[in-house]
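Numbering (our numbering), first residue to last: 944 to 1096.
So, in structure tokens, the structure goes:
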């Protein structure tokens, strides 16, 4: 069993990558994730959390004084969970190599911030997957070995 408060990066805890920043992941997903989580997946989560910390630090500095939160909504998801949702079970999330994060900001255009975040990721990370989901207001970032990007909804 792993300590929920385990620090993965400067301001990212293991709990956040399992239950979401605001503990709003579906309870059954969280329960399955804690039961199936392995050391290898935690190590992978640490790597992606360190990348996410770089993104967070940049935007917190760039928007200093404006209420801005880059909120992890999803990190590790067990294969059984993915398959129960009709997915292949081959997602980078099942390896602990991916984070989906929402942007919460008042008084600013979220689409603009999403685009800036996506551009920042593209300029600063040479490998891994990244996607922008403008209608759903989130960014996907993962640590796959090759570069890949796509546009979601």
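Beta carbons are placed, not taken as given, at the ideal position from N, Cα and C, and that holds for glycine.
Query                                                                                                                                   : Result
The alpha helix (DSSP H) enclosing residue 965, as first and last residue numbers                                                       : Counting along the chain, residue 965 falls outside any alpha helix (DSSP H), and DSSP gives it neither H nor E.
Delimiting residues of the beta strand (DSSP E) encompassing residue 1085                                                               : 1081-1085
Same chain, Cβ closer than 7 Å to residue 1045, five either side skipped, listed in chain order                                         : 1014, 1016, 1080 and 1081
Cα-Cα separation between residue 1040 and residue 1003, rounded to whole angstroms                                                      : 23 Å
Distance between beta carbons of residue 1021 and residue 964, contact taken as under 8 Å                                               : Not really, about 20 Å apart at Cβ, beyond 8 Å.
Residue environment, residue 959, which counts as buried when at least 16 other CB atoms sit within 10 Å                                : buried
Boundaries (first-last residue) of the beta strand (DSSP E) holding residue 1047                                                        : 1041-1048
Within 7 Å, strictly: CB atoms of residue 1038 and residue 989                                                                          : no
Contacts around residue 1072, its chain only, beta-carbon distance under 6 Å, and the 5 residues preceding and following it disregarded : 1085, 1087 and 1091
Same chain only: Cβ atoms within 7 Å of residue 1019, ignoring 5 sequence neighbours per side                                           : 960, 961, 976, 980, 984, 988, 1036 and 1039
Three-state secondary structure assigned by DSSP to residue 1030                                                                        : coil
DSSP-derived helix/strand/coil call for residue 1003                                                                                    : helix
Residue 1020 in three-state terms, based on DSSP                                                                                        : coil
For residue 992 and residue 949, the rounded distance between their alpha carbons                                                       : 12 Å
6 Å Cβ shell around residue 1034 - same chain, five flanking residues per side excluded                                                 : 1025
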